[in-house]
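To start, the structure under review is shown below, and the notes come after it.
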Amino acid sequence: MQRSLKFVRYLPDHGWMPTVISVKPESAAWPAVDPSMLVEIPEAVKVVRTPSRDPYAAYARFKGRAKADTVGVGFADAQAPGAFEHLARFVRANLFLPDARRGWVRFAKKAVRECLENQSYDAVVTSGPPHSTHFVGRWAQREFGIPWLADFRDPWTEVSYYDQLPFLPWSRWLDRRWERGVLSEARSVVTVSEAVAALLREKSSRAVSVIPNGFDPEDLAGIEPRRGEGFRLVHTGTLAESQNPEMLWPAVRTLRDQGLDLRIHCVGRVDASVRESIRQAGLEEAFEFTPYVPHREALRYMAGADCLLMCVPRTRESAGILTGKVFEYLASGRPVLGIGPPDSDPARLIAQSGAGIMVAYTDPDAMRAFLHTKSAAESDHARPDPSYLEPYTRQSQAGTLAGELNRIAE
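As structure tokens, this is what we get:
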């Protein structure tokens with residue numbers, strides 16, 4: 035949710051003062067939370083927290099787990115799913131549409147009504163996923179005539195894990211119908227890349243604007259790199275089954291056999307299938323796993339890396355997704371080994387910045403060659419040109435969003 039947080043932080047600089055409606059922490063279950071980032075919300079911003087009905091919380095209680103251990107769809111599970119988890123996925127796909135967070139909608143509507151009774155507002159912004167959040171914006175626009183902007187941080191029915199959900203035909207049809215309804219009614223639709231915008235435009239005649247993800251230079255200021263022994267290839271964030279770089283393991287084995295003390299450090303959640311492939315490759319000794327850490331700590335691991343690893347999910351349409359992580363990777367100034375479609379949006383961004391390369395999942399020789407070059411003592415890595423990254427700062431992007439809000443509020 036960094037995208038939304040940074041909009042809230044920097045919109046006041048462009049003449050828009052947000053009110054944030056969110057869920058009470060005790061009412062929700064998320065796979066990762068970072069309370070340290072709340073300090074970024076300006077003091078003048080009002081935050082309204084509401085209850086919610088979250089089936090993930092009930093699921094966690096039933097399984098005797100912590101709330102963070104939710105149904106493993108859309109998040110990397112620490113363990114492979116069993117029979118109960120498969121049943122939970124079926125229930126999620128067909129009874130909790132469009133997502134399991136829909137139980138929050140009625141509470142959010144109540145909060146919106148109370149806000150509008152006490153103050154005048156010029157626009158409402160919803161951000162998804164969870165895409166059920168857009169139902170709140172649509173209702174507010176219908177009920178009060180307030181112009182509504184829908185921000186799609188990920189696709190709806192083309193999101194990377196969508197095909198893992200066991201939809202029945204009627205539930206898939208209903209989900210797509212709701213998606214088209216949101217796209218057709220929103221006064222403005224915004225998303226993170228041209229590829230996702232093209233997907234959304236196919237479903238509605240509504241224009242779709244692009245405000246890419248990005249990075250905040252203030253987050254990187256004064257970061258003390260967290261270093262370690264050997265040549266360290268670092269991956270931060272979730273490493274899901276669809277991102278498993280299995281063909282990297284032979285390259286790692288070859289380089290280690292040639293004498294390079296190559297170590298891979300995964301900071302964040304790692305899917306059980308990825309861990310199993312590492313075990314089968316006999317490379318456990320080359321890996322270090324660190325669970326989810328606060329954002330600033332993750333930036334320290336990035337800054338201390340000899341090379342950063344980014345794996346684009348092997349799913350349809352993922353080639354057009356530009357996550358915030360790729361921009362932070364570039365801003366860190368470290369070399370980047372990307373694994374994914376060489377003709378993808380992330381590949382073009384990495385190449386144009388001069389930060390590294392993107393190689394196909396099936397090309398271990400290119401992976402090995404890049405790591406060998408970067409590990410050489412004479413390797414001289416060029417940092418990306420700051421002017422290239424300027425359009426991707428969170429401050430600049432908040433200005434773009436403010437311009438779109440100005441347009442629909444006229």
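Counting in the working numbering, the sequence shown runs from 35 upward without gaps. Ideal Cβ positions, reconstructed from N, Cα and C, are used throughout, including at glycine. These numbers were taken from a predicted model, which means no experiment stands behind them.
Collapsed DSSP secondary structure at residue i in the structure displayed
i: residue 342; result: strand
i: residue 437; result: helix
i: residue 358; result: helix
i: residue 125; result: helix
i: residue 298; result: strand
i: residue 48; result: helix
i: residue 281; result: coil
i: residue 392; result: strand
i: residue 374; result: coil
i: residue 236; result: coil
i: residue 77; result: coil
i: residue 257; result: coil
i: residue 39; result: helix
i: residue 270; result: strand
i: residue 55; result: strand
i: residue 112; result: Model confidence at residue 112 stands at a pLDDT of 41, short of 50, so the residue's coordinates are unreliable and nothing is read from them.
i: residue 350; result: coil
i: residue 83; result: strand
i: residue 304; result: strand
i: residue 249; result: strand
i: residue 244; result: strand
i: residue 399; result: helix
i: residue 444; result: coil
i: residue 263; result: coil
i: residue 130; result: coil
Whole-number beta carbon distance between residue j and residue i, since they are thought to touch under 8 Å
i: residue 443; j: residue 181; result: 6 Å
i: residue 374; j: residue 392; result: 6 Å
i: residue 398; j: residue 282; result: 7 Å
i: residue 126; j: residue 199; result: 7 Å
i: residue 222; j: residue 254; result: Not confirmed; about 31 Å, so no contact.
i: residue 194; j: residue 276; result: 6 Å
i: residue 376; j: residue 341; result: Actually they do not touch by this definition, with Cβ atoms about 18 Å apart.
i: residue 422; j: residue 246; result: The Cβ separation is near 13 Å, so there is no contact.
i: residue 215; j: residue 187; result: Actually they are not in contact, since the Cβ atoms of residue 215 and residue 187 sit about 19 Å apart, beyond 8 Å.
i: residue 191; j: residue 210; result: 6 Å
i: residue 367; j: residue 384; result: About 13 Å; that fails the 8 Å criterion.
i: residue 339; j: residue 290; result: Going by Cβ atoms, the distance from residue 339 to residue 290 rounds to 18 Å, so no, they are not a contact pair.
i: residue 79; j: residue 52; result: 6 Å
i: residue 299; j: residue 335; result: 7 Å
i: residue 146; j: residue 174; result: 5 Å
i: residue 280; j: residue 311; result: 5 Å
Burial state of residue i (16 or more Cβ within 10 Å)
i: residue 431; result: buried
i: residue 86; result: buried
i: residue 218; result: exposed
i: residue 390; result: buried
i: residue 202; result: exposed
i: residue 165; result: buried
i: residue 359; result: buried
i: residue 154; result: exposed
i: residue 343; result: buried
i: residue 40; result: buried
i: residue 207; result: exposed
i: residue 278; result: buried
i: residue 171; result: buried
i: residue 418; result: buried
i: residue 88; result: buried
i: residue 157; result: buried
i: residue 362; result: buried
i: residue 47; result: exposed
i: residue 108; result: Any answer about residue 108 is weak, because its pLDDT of 48 lies below 50 and its placement is not dependable; what the coordinates show is given next. Looking at its Cβ environment, which holds 16 or more other Cβ atoms inside 10 Å, residue 108 is buried.
i: residue 178; result: exposed
Beta-carbon proximity check, residue i vs residue j, cutoff 8 Å
i: residue 227; j: residue 131; result: no
i: residue 248; j: residue 271; result: no
i: residue 75; j: residue 142; result: no
i: residue 224; j: residue 273; result: no
i: residue 353; j: residue 379; result: yes
i: residue 83; j: residue 57; result: yes
i: residue 364; j: residue 387; result: yes
i: residue 159; j: residue 133; result: no
i: residue 244; j: residue 235; result: no
i: residue 68; j: residue 328; result: yes
i: residue 315; j: residue 348; result: no
CB contact check: residue i to chain C, cutoff 8 Å
i: residue 45; result: This model lacks chain C altogether; it includes just one protein chain.
Entirely enclosed beta strand (DSSP E) segments - the region 146 to 228, minimum 3 residues:
158 to 162, 182 to 186 and 222 to 225
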